[in-house]
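Everything on this sheet refers to the single structure shown next.
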Amino acid sequence: MENAALVVIDVQIGAFDGKAMAPIHSGDDLFDRVSRLIAATRAAKVSVIFVQHCVNEGQLLMKGSQAWELHPKFQPDPKELIVYRRQSSAFEGTIYMKYSKK
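When the letters of the sequence shown are read in order and numbered with this note's numbering, they come out as residues 484 to 585.
Printed below as a string of structure tokens:
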């Protein structure tokens, strides 16, 4: 599985806190499942890639805002790739496409 990776998309504070948008349905279950997947992936020495949605100034997931930050339960290791996206796709227009061709 040398080319395998777990891609964790949009696990940002703003998606879970319920302040500016409805929180993700069954967020606690999602936390548990994603946490277990990340732990198992790391234990198997497979890459974990985090994708963060970035929007324009004044919007909910504005880069650098608290809502934009990855949720504290999902923190990348220093060696793990973080992809910043502005498109609706986690892949189009990001460095992920370059990384995924390796």
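In this text, a Cβ means the ideal position worked out from N, Cα and C, and glycines have one as well.
| Query | Result |
| --- | --- |
| If you count every other CB in all the chains shown that lies within 10 Å of the CB of HIS508, and 16 or more means buried, which is it? | exposed |
| Here's the rule I'm using: 16 or more other beta-carbon atoms within 10 Å means buried, otherwise exposed. How should GLN535 be labelled? | buried |
| Tell me, to the nearest whole angstrom, how far the beta carbon of PRO506 is from that of ASP500; I am working on the premise that it is less than 8 Å. | 7 Å |
| Starting from the Cα of ASN486, find the closest Cα among ILE492, THR524, MET504 and GLY510 and give me that residue. | THR524 |
| Give the secondary structure of ILE532 by DSSP, where H, G and I count as helix, E and B as strand, and everything else as coil. | strand |
| I'd like to check one pair, PHE533 with GLU552: are the Cβ atoms closer than 8 Å? | no |
| Roughly how many angstroms separate the alpha carbons of LYS556 and PHE514, rounded to a whole number? | 7 Å |
| Is it buried or exposed, ALA526, if we count other Cβ atoms within 10 angstroms and call 16 or more buried? | exposed |
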